[in-house]
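The numbering used here numbers the first residue of the sequence shown as 5 and each following residue consecutively. Here the structure comes first, spelled out in structure tokens, and everything after it is commentary.
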Amino acid sequence: MTLKKSDIVDRVRDNVRIYMRSESGQKFLFHEMKYEPLDLDRAARIVESLLELIKSALARGEEVRITGFGKFYVRYKWARKGRNPATGETMMLKPRRVVLFKPSPRLKQRINA
């Protein structure tokens, strides 16, 4: 199964709660009543904002580390000779920057458990 951005938004909406302040100073009967669920639009903005922060940092060439998850970083690839697999023709590939991901030891351990 592929986890898409819309799936992430749904999971954020389902798992994140917002603390409600009591304007009238009233006490809540149950602890859970202090929190209200996140609406879909706000969850989407949170996810989009996080992804935009990551994209902006990578575009500036910065490394993005998420503790317990891994790091995203940019590496420069120099121009080099390549081959068109369909025709076998030799060609020059342009220099470019690529985004790489290195998982944290904790993530590797969880995946291989």
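Don't be surprised by glycine CBs; every beta carbon is placed ideally from N, CA and C.
Is residue i close to the ligand NAD? I mean its beta-carbon at under 6 Å from any heavy atom of the ligand.
i, result
"Val103", "Among the components of this structure there are no ligands whatsoever, and the ligand NAD is therefore not found."
Roughly how many whole angstroms lie between the Cα atoms of residue i and residue j?
i, j, result
"Arg68", "Pro89", "Here residue 68 turns out to be Val, not Arg, going by the sequence shown. For Val68 and Pro89, the distance between alpha carbons rounds to 34 Å."
"Asp18", "Pro109", "28 Å"
"Val103", "Ser53", "19 Å"
"Ile22", "Asn116", "34 Å"
"Lys85", "Leu55", "34 Å"
"Val20", "Glu66", "29 Å"
Taking the continuous alpha helix (DSSP H) assigned at residue i, which residues delimit it?
i, result
"Val20", "First-last for Val20: undefined, no H or E at that position."
Which residues mark the beginning and the end of the beta strand (DSSP E) in which residue i is found?
i, result
"Leu111", "Here Leu111 belongs to no beta strand (DSSP E); instead the alpha helix (DSSP H) covers 109–115."
"Arg84", "84–87"
"Arg69", "68–70"
"Leu57", "Run containing Leu57: none in the beta strand (DSSP E); it sits in the alpha helix (DSSP H), 44–63."
"Leu97", "94–97"
Tell me, please, which residues DSSP counts as bridged to residue i.
i, result
"Val78", "Val103"
CB residue i to CB residue j, shorter than 7 Å?
i, j, result
"Val78", "Ala47", "no"
"Lys106", "Gly74", "yes"
"Tyr80", "Arg101", "yes"
Tell me whether the region 47–63 and the region 90–99 touch, counting them as touching only if at least three CB pairs, one residue from each stretch, are closer than 8 Å.
Contact fails: fewer than three Cβ-Cβ distances are below 8 Å.
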